[in-house]
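Peer 1: The sequence shown begins at 4 in the numbering used here and counts up one residue at a time. All residues carry an ideal CB built from backbone N, CA and C; glycine is no exception. Mind having a look at this structure? Questions to follow.
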Amino acid sequence: LTPEMLEKFTRIDFARDMALIATVTIEGAETAIGVARYARLADDVTCEFAITVADAWQGRGIGKKLLAMLVDAARGHGMRRIIGDVLATNTPMLRLAHSQGFRIEQHPEGAELRRVVLELG
């Protein structure tokens, strides 16, 4: 990991980016179980998001809550659209996106990906 990459991942410019972390306390230690991020794209009205939830915690609504919070934050920061790239085989994420109002599109880079898009207004 280069110093530049480390800084990008650990310092958030909240005017352009957002990062949310879901944690639990296990045996007295706080443990991250989910992360959601978005980054504003060059057009300044679209942001791209990513979510990951630890395997043991999937299916419990954590991804849904993180996605809802991320969408609210994007809306609050003036974004008009939020997009994400999802593996075509990641059925749970595609279902989640669809349930939250995202459109599911073919990805311009190939059949193994889908693009999920939500217009924020």
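1) According to the neighbour-count rule (16 or more other Cβ atoms, all chains shown, within 10 Å of its Cβ), is Gly87 buried or exposed?
2) Going by C-alpha distance, which of Arg118, Val89, Gly81, Thr92 is nearest Asp46?
3) Does the beta carbon of Gly113 fall short of 7 Å from some heavy atom of the ligand HEM?
4) Give me the Cβ distance between Ala39 and Leu23, rounded to the nearest whole Å; I'm assuming they're in contact under 8 Å.
5) Tell me which same chain residues have a C-beta within less than 8 Å of the C-beta of Gly104, skipping the five on either side of it?
6) From what residue to what residue does the alpha helix (DSSP H) around His101 run?
7) Secondary structure at Arg117, three-state DSSP: helix, strand or coil?
8) DSSP state of Val44, grouped into three classes?
9) What residue range does the alpha helix (DSSP H) around Ala71 cover?
10) What residues are listed by DSSP as bridge partners for Ala91?
11) Which same chain residues end up closer than 6 Å to Ile36 when comparing Cβ atoms and leaving out the 5 residues on each side of it in sequence?
Peer 2: The short version:
1) buried
2) Gly81
3) No copy of the ligand HEM occurs in the structure displayed, which carries no ligand at all.
4) 5 Å
5) Leu121
6) 94 to 102
7) Arg117: strand per DSSP, three-state reduction.
8) Sequence check: residue 44 is Leu here, not Val. In the structure shown, Leu44 sits in coil (DSSP, three-state: anything other than H, G, I, E or B).
9) 65 to 79
10) Note: Ala91 sits in no beta bridge, so no partner.
11) Ala25, Val27, Ala57, Trp60
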